[in-house]
């Protein structure tokens, strides 16, 4: 989701994809801020396709001029498989170029911003066929040519379908980044620092986006030259002894700060700290960042928060997340939820509607009172000033 692949008239990619974590377009957000928030529904964020296209137009004009289409990564893959260019509403709604009322691209807005509307591919429902498998790719994959290929959906939208989340329910997913979201049957209002996206069917979801989660933990693990078992063991060994603070903003921050310039680092280090304290601080910093994002959603205290995602399977890590959030986490064994959602869309594309079974809640992790006190949250918020690197963006 949020990536851009420019392709030419020969269906060839014009250079590398620009992915969601790329903040090069931070200086091109002002034109989007001038758009009525109710019209765009999402705060301007570097990494969204609209600002990325502005950056490409201004900084790589030859590449931009040669482009026939600007595709999401999954749509580029389907173009290669089928020869047909198309997008879907779930990805399109995360570009800042989507008209939520019309359910289609906002070509007028694209023109106003100086972008070519013709770059935007036609949109089809996520569960429709997006072409048939061509002989060449079919041979590469060992599949028969002519198979229908579903349009597909954004990863989070597919995961919502695969996890069976219902309107009004909330879920935390931890992976490369983290997302706290609430599903909705109707279009939610625009809210500062929060995203509104289409799901893979006919609904919507409001999302608090954490830019750095599993990616920054992997960076810490690699930098400290630890295996994952060593990193978990070291963090658990020191526990909540006096520990440095860790700011996880390796590639900026989204909810709540909307600051692509924020940066990561450890604070309050002393000579007694070793790799174990650094590892514990990293886990805690991500958990505190998730808690800040969740607070922006203002979830009712009695609303169950489901936990899913491959980055949250360790029991100790689940407990730390619950402690930081200060609310119970209902463990959803929705293993491979995005894959299940994609499979459901494939069945829909061939006219055989199928919905994955709603995963059971296999346990509830209760927060431990006072384990991460309010003072620690306050210290984390205050420390952000050392990492911000620029002004927060107003949505």
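Numbering (full-length UniProt numbering), first residue to last: 1 to 395. For glycine and all other residues, C-beta sits at the position ideal for the given N, C-alpha and C.
With DSSP as the reference, please indicate the residues paired to residue i in a beta bridge.
i: residue 331; result: 307, 363
i: residue 202; result: Residue 202 is not bridged to any residue.
i: residue 148; result: 132
i: residue 45; result: The partner list for residue 45 (beta bridge, DSSP) is empty, contrary to what the question assumes.
i: residue 290; result: According to DSSP, residue 290 bridges with nothing at all.
i: residue 195; result: 207
i: residue 348; result: Partner(s): none; residue 348 has no beta bridge.
i: residue 21; result: Residue 21 pairs with nothing; no bridge assigned.
i: residue 455; result: In the structure as shown, the chain begins at 1 and stops at 395. Residue 455 is therefore absent and cannot be evaluated.
i: residue 7; result: 13, 69
In this structure, how does DSSP classify residue i when only helix, strand and coil are distinguished?
i: residue 285; result: helix
i: residue 100; result: coil
i: residue 107; result: helix
i: residue 69; result: strand
i: residue 171; result: strand
i: residue 437; result: An answer regarding residue 437 cannot be provided, because it is not within the stretch 1 to 395 covered by the chain.
i: residue 385; result: helix
i: residue 87; result: strand
i: residue 31; result: helix
i: residue 297; result: helix
i: residue 50; result: helix
i: residue 400; result: With the chain covering only 1 through 395, there is no way to say anything about residue 400.
i: residue 79; result: helix
i: residue 113; result: coil
i: residue 62; result: helix
i: residue 341; result: helix
i: residue 187; result: coil
i: residue 375; result: helix
i: residue 155; result: helix
i: residue 356; result: coil
i: residue 57; result: helix
i: residue 162; result: helix
i: residue 368; result: coil
i: residue 93; result: coil
i: residue 320; result: helix
i: residue 141; result: helix
i: residue 2; result: coil
Pull up the CB-CB distance for residue i and residue j, whole angstroms please, since I reckon it's below 8 Å.
i: residue 279; j: residue 350; result: The pair is not a contact, with the Cβ atoms about 47 Å apart (cut-off 8 Å).
i: residue 325; j: residue 294; result: 6 Å
i: residue 246; j: residue 90; result: With 8 Å as the limit, residue 246 and residue 90 do not qualify as a contact, their Cβ atoms being about 33 Å apart.
i: residue 226; j: residue 275; result: 7 Å
i: residue 328; j: residue 300; result: That pair is no contact at about 13 Å.
i: residue 375; j: residue 331; result: Incorrect: roughly 29 Å between the Cβ atoms, too far for contact.
i: residue 154; j: residue 120; result: 16 Å between Cβ atoms; not a contact.
i: residue 397; j: residue 381; result: A query on residue 397 cannot be resolved here, the shown segment of the chain reaching from 1 to 395 and no further.
i: residue 156; j: residue 1; result: 7 Å
i: residue 314; j: residue 333; result: Going by Cβ atoms, the distance from residue 314 to residue 333 rounds to 14 Å, so no, they are not a contact pair.
i: residue 292; j: residue 256; result: 6 Å
i: residue 124; j: residue 86; result: 5 Å
i: residue 287; j: residue 258; result: 20 Å between Cβ atoms; not a contact.
i: residue 203; j: residue 183; result: 6 Å
i: residue 54; j: residue 113; result: 7 Å
i: residue 131; j: residue 78; result: 7 Å
i: residue 126; j: residue 88; result: 5 Å
i: residue 296; j: residue 208; result: 5 Å
i: residue 290; j: residue 322; result: Not quite, the Cβ-Cβ distance comes to about 11 Å (not below 8 Å), so this is no contact.
Does residue i have its Cβ less than 8 Å from a Cβ in chain C?
i: residue 222; result: Of the protein chains in this structure there is only one, and it is not chain C.
Ranges of the beta strand (DSSP E) found wholly within the region 207-268, counting only runs of at least 3: 245-247, 265-267
Meets three-Cβ-pair contact criterion under 8 Å: the region 13-30 and the region 82-93: no
Validate contact between the region 331-350 and the region 161-175 using beta carbons, cut 8 Å, 3 pairs: yes
Inter-stretch contact (C-beta, 8 Å, three-pair minimum) for the region 239-257 and the region 207-218: yes
Contact between the region 298-305 and the region 165-178 (3+ Cβ pairs under 8 Å): yes
contact_flag[the region 261-268, the region 230-250] where n(CB pairs < 8 Å) is 3 or more: yes
Contact the region 174-190 vs the region 36-46: 3+ CB pairs below 8 Å: yes
Touching by the beta-carbon criterion (3+ pairs, under 8 Å), the region 49-62 and the region 90-105: yes
The region 175-182 touching the region 140-152, judged by at least three CB pairs closer than 8 Å: no
Segment contact flag, the region 102-112 with the region 130-146, C-beta cutoff 8 Å, min 3 pairs: no
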